[in-house]
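Down below is the structure, laid out as structure tokens.
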Amino acid sequence: MDMDVHRGMDSIAVGDEIGPISIPITLQRLVMEAGANRDFSLIHHDADVARATGAPDAYMNTFFIAGMFERLLREWMGYRGVINSITNLRMKVFNTVGDTVTFSGTVSALDNDSRTVVIEMRSATGNGETVTAEATITLPA
Amino acid sequence: MSQPAWGKYGTWEEAESYLGKVIGEDVGVDAIELGSIRRWLEPKEFDCALHTSREAAQAAGYRDVVAPSTMVFSYGLPAYWSPGDAPAKMGDEPRQIPIPVIFDVPAPCTLSFASNIDMEFFAPMCVGDVISRTSRLASIEHKELRVGKGAFMTQEDTYTNQDGDTVAVVLLTIFRFVPPEREQG
Numbered sequence: 063m064d065m066d067v068h069r070g071m072d073s074i075a076v077g078d079e080i081g082p083i084s085i086p087i088t089l090q091r092l093v094m095e096a097g098a099n100r101d102f103s104l105i106h107h108d109a110d111v112a113r114a115t116g117a118p119d120a121y122m123n124t125f126f127i128a129g130m131f132e133r134l135l136r137e138w139m140g141y142r143g144v145i146n147s148i149t150n151l152r153m154k155v156f157n158t159v160g161d162t163v164t165f166s167g168t169v170s171a172l173d174n175d176s177r178t179v180v181i182e183m184r185s186a187t188g189n190g191e192t193v194t195a196e197a198t199i200t201l202p203a
Numbered sequence: 725m726s727q728p729a730w731g732k733y734g735t736w737e738e739a740e741s742y743l744g745k746v747i748g749e750d751v752g753v754d755a756i757e758l759g760s761i762r763r764w765l766e767p768k769e770f771d772c773a774l775h776t777s778r779e780a781a782q783a784a785g786y787r788d789v790v791a792p793s794t795m796v797f798s799y800g801l802p803a804y805w806s807p808g809d810a811p812a813k814m815g816d817e818p819r820q821i822p823i824p825v826i827f828d829v830p831a832p833c834t835l836s837f838a839s840n841i842d843m844e845f846f847a848p849m850c851v852g853d854v855i856s857r858t859s860r861l862a863s864i865e866h867k868e869l870r871v872g873k874g875a876f877m878t879q880e881d882t883y884t885n886q887d888g889d890t891v892a893v894v895l896l897t898i899f900r901f902v903p904p905e906r907e908q909g
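Residue numbers (our numbering), protein chains in the order written: chain A, 63 to 203; chain B, 725 to 909.
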């Protein structure tokens with residue numbers, strides 16, 4: 063990540079696009095993620111258990127998805143931005159082994175007085191939109 | 725995206741008796757340190773010096789390396805095994821993550837799906853901090869959906885550091901239900 067990225071209010075507008083970033087989901091990556099985030103629910107690393115619950119394969123958990131949204135925001139806003147909230151995070155479709163998941167966002171509102179920015183975020187695979195969420199961030203003066 | 729519930733079975737009256745009460749609390753087993761942050765960044769290919777370099781973090785106004793905000797879930801978790809615990813045996817039930825404590829609230833439901841998560845962040849988590857979680861049952865909203873009859877149950881998780889500062893508040897909503905053919909009278 064570029065240390066020189068310091069996004070300010072003067073350089074953004076409603077409708078600006080953020081990202082995309084993407085990550086290929088392999089079983090190995092899910093296992094690495096489970097070890098790191100410590101959610102060892104079998105549905106996130108055991109294909110048979112995941113399929114028994116109606117998913118096509120083992121799939122990303124909430125922590126992994128939230129972390130990818132954080133990466134999306136951080137890479138766009140730079141070192142001095144602050145994430146205030148990630149809300150309305152809704153999982154619509156599984157992000158499973160074999161998918162390449164793309165994360166992106168759109169600036170939907172901004173307030174110059176408080177320097178806050180609202181960003182609509184989404185993830186998508188070949189099956190279309192999989193997760194949606196909204197972030198509020200504060201940018202430096 | 726429904727999955728078999730591992731929740732307790734009971735009546736709605738029993739469920740509602742938990743409203744506003746603490747239904748779970750844990751102290752994170754590990755203080756925040758560089759190794760756990762690095763292993764969390766790795767599978768996400770997340771390159772940010774705020775999370776790896778004291779110099780970069782301090783230049784941005786933090787007292788030390790700062791953990792990603794969404795790591796708060798992981799840092800609030802207890803150990804899956806501790807010295808003195810009984811040894812595991814083949815055939816034991818797999819250990820479940822203890823965060824969705826909504827399943828510890830008895831309710832007349834057999835299935836569930838996670839509906840919504842809201843996270844609000846109030847203070848940075850820096851190297852050396854220890855994170856605790858206190859969960860309350862915030863609301864029960866009865867609803868009949870296509871998948872079945874049940875309720876949106878929301879828990880409010882407050883994460884604090886060792887000084888008692890609130891680091892984050894997370895609302896987790898799970899719809900617990902019975903499919904139409906299995907509804908109880």
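We treat Cβ as the ideally placed atom computed from N, Cα and C, and that holds for glycine. Note that this is a predicted model, so its numbers are computed, not measured.
Contacts of residue i in chain B (Cβ-Cβ under 7 Å)
i        : result
A:Asn150 : Asn840 and Asp842
A:Arg91  : Pro767
A:Arg136 : Cys772
A:Met183 : Simply none; closest approach about 13 Å.
Buried versus exposed call for residue i [16 or more other C-beta atoms within 10 Å across all chains shown]
i        : result
B:Gly909 : Residue confidence is low: B:Gly909 scores 46 on pLDDT, short of 50, so the model does not pin down where it sits. No coordinate-derived value is stated.
A:Ser73  : exposed
A:Val76  : exposed
B:Gln886 : exposed
A:Asn99  : buried
B:Pro904 : exposed
A:Asn123 : buried
A:Asp173 : exposed
A:Gly81  : buried
A:Leu201 : buried
A:Arg136 : buried
B:Trp764 : buried
B:Ile761 : buried
B:Val771 : The amino acid at residue 771 of chain B is misidentified as Val; the sequence shows Asp. Counting Cβ neighbours within 10 Å, B:Asp771 comes out exposed, since fewer than 16 surround it.
A:Trp138 : buried
A:Gly167 : buried
B:Thr735 : exposed
B:Pro832 : buried
B:Arg857 : buried
Proximal residues of chain A, C-beta to C-beta of residue i below 8 Å
i        : result
B:Trp805 : Those do not exist, as B:Trp805 stays about 11 Å from chain A at its closest Cβ, beyond 8 Å.
B:Ser856 : The contacting residues do not exist; B:Ser856 stays about 15 Å from chain A at best.
Cβ-Cβ distance between residue i and residue j below 9 Å
i        : j        : result
B:Ser859 : B:Val753 : no
A:Leu151 : A:Ile181 : no
A:Leu89  : A:Val159 : yes
B:Pro824 : B:Pro802 : no
B:Thr834 : B:Tyr733 : yes
A:Ser147 : B:Asp842 : yes
B:Thr890 : B:Ala847 : yes
A:Arg91  : B:Pro792 : no
A:Asp119 : A:Ala109 : yes
B:Phe876 : B:Phe899 : yes
B:Ile826 : B:Leu861 : yes
B:Ser777 : B:Val789 : yes
Chain B residues whose Cβ lies nearer than 8 Å to that of residue i
i        : result
A:Gly129 : Trp764, Lys768, Phe770, Pro792, Thr794 and Met795
A:Gly97  : Arg763
Interface partners of residue i on chain A, CB under 7 Å
i        : result
B:Leu801 : Arg100
B:Arg819 : Phe102
B:Leu774 : Tyr141
B:Ala784 : Tyr141 and Arg142
B:Ser798 : Asn99, Arg100 and Phe125
Straight-line Cα distance separating residue j from residue i
i        : j        : result
A:Asn157 : B:Pro830 : 30 Å
A:Gly190 : A:Met183 : 14 Å
B:Met814 : A:Thr162 : 35 Å
B:Asp809 : A:Val193 : 38 Å
A:His68  : A:Arg133 : 15 Å
A:Met94  : B:Glu769 : 12 Å
A:Ser170 : B:Gly852 : 36 Å
A:Ala186 : A:Thr164 : 5 Å
B:Gly785 : B:Glu740 : 45 Å
A:Gly143 : A:Phe131 : 14 Å
B:Val751 : B:Thr884 : 9 Å
B:Ala812 : A:His107 : 20 Å
B:Gly888 : B:Ile855 : 9 Å
Contact set between residue i and chain A, taken where Cβ atoms lie within less than 9 Å
i        : result
B:Phe845 : Val144, Ile145, Asn146, Ser147 and Ile148
Per DSSP, the bridge partner or partners of residue i
i        : result
B:Cys850 : B:Val790
A:Gly167 : A:Ile80 and A:Met183
B:Tyr804 : Paired residue(s): none; B:Tyr804 is not in a bridge.
B:Lys916 : Not covered by the structure: residue 916 of chain B. The range shown for chain B is 725 to 909.
B:Phe901 : B:Leu835 and B:Gly874
B:Phe845 : B:Ala892
Contacts of residue i in chain B (Cβ-Cβ under 9 Å)
i        : result
A:Arg133 : Leu765, Lys768, Glu769, Phe770, Asp771, Cys772 and Pro792
A:Met94  : Arg763, Glu766 and Pro767
A:Gly190 : In chain order: nothing, as chain B lies at least about 14 Å away.
A:Thr168 : Within 9 Å Cβ-Cβ: nothing; A:Thr168 doesn't reach chain B, min ~19 Å.
A:Ile85  : Pro767, Lys768 and Glu769
Chain E within 9 Å of residue i, Cβ atoms only
i        : result
B:Ile747 : Of the protein chains in the structure, A and B, none is chain E.
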